[in-house]
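Enquirer: Residues 42 to 185, numbered by my numbering, are exactly what the sequence shown covers, in order. Beta carbons are placed, not taken as given, at the ideal position from N, Cα and C, and that holds for glycine. The structure follows.
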Amino acid sequence: MAKFIKFKINNATAPGAGGNWGGRDVLIGVDDIENVADAVNGGVYTVVVTLKSFVGLSDAAIANATIGGRILTLSVSTSISTAVNPTAVTVDANMPSQSIVRAMTANPGGIAASAQLGLDGGGVRATDDQMYWSGAVFSSVNDI
């Protein structure tokens with residue numbers, strides 16, 4: 042089993058523009074992953090990775106928040122240059138979260154395993170599109 046999961050982020054955002062620039066790798070320690078879940082909202086696919094680490098929250102806007110968790114939210118697109126929502130994924134094994142599960146259980150013979158997305162729609166190479174990780178944003182929450 043690999044020690045890290047690698048996400049290749051593909052988008053057209055220039056470095057330094059909001060911190061979510063494309064053409065970079067994001068590494069997460071396998072032992073730091075607590076949960077992986079798909080989220081689909083209005084055709085927009087994201088994967089929410091809940092990490093085991095905790096952080097202190099002192100934002101006055103978050104009532105009674107003193108401790109929270111770290112979240113990695115990964116966006117999915119069928120284009121490496123612009124945000125294009127995938128066609129509804131109808132094959133359970135092609136849901137974006139499953140690429141992370143496969144990478145976590147793979148035996149790559151190295152330190153890092155890549156979470157490579159599959160095809161959208163019904164997963165047919167001739168008619169469906171390759172999905173890519175288009176963004177990675179870390180955040181802190183107090184409701185985990």
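(1) Skipping 5 residues on each side, what residues in its chain have a beta carbon closer than 6 Å to that of residue 130?
(2) Can you check which of these residues, 177, 146, 110, is closest to residue 48 by C-alpha distance?
(3) On a Cα-Cα basis, can you pick out the residue from 113, 84, 80 that is closest to residue 91?
(4) Determine the DSSP secondary structure at residue 85, reduced to helix, strand or coil.
(5) Ordered along the chain, which non-local residues of its own chain (more than five positions away) have a Cβ less than 6 Å from that of residue 76?
(6) Looking at the unbroken alpha helix (DSSP H) that takes in residue 141, where does it start and where does it end?
(7) Distance, Cα to Cα, residue 154 vs residue 52?
(8) Determine the contact status of residue 140 and residue 163, defining contact as a CB-CB distance below 8 Å.
Expert: The structure says:
(1) 136, 161
(2) 177
(3) Comparing Cα positions, the closest option is 113.
(4) strand
(5) 91
(6) Residues 137 to 146.
(7) 21 Å
(8) no
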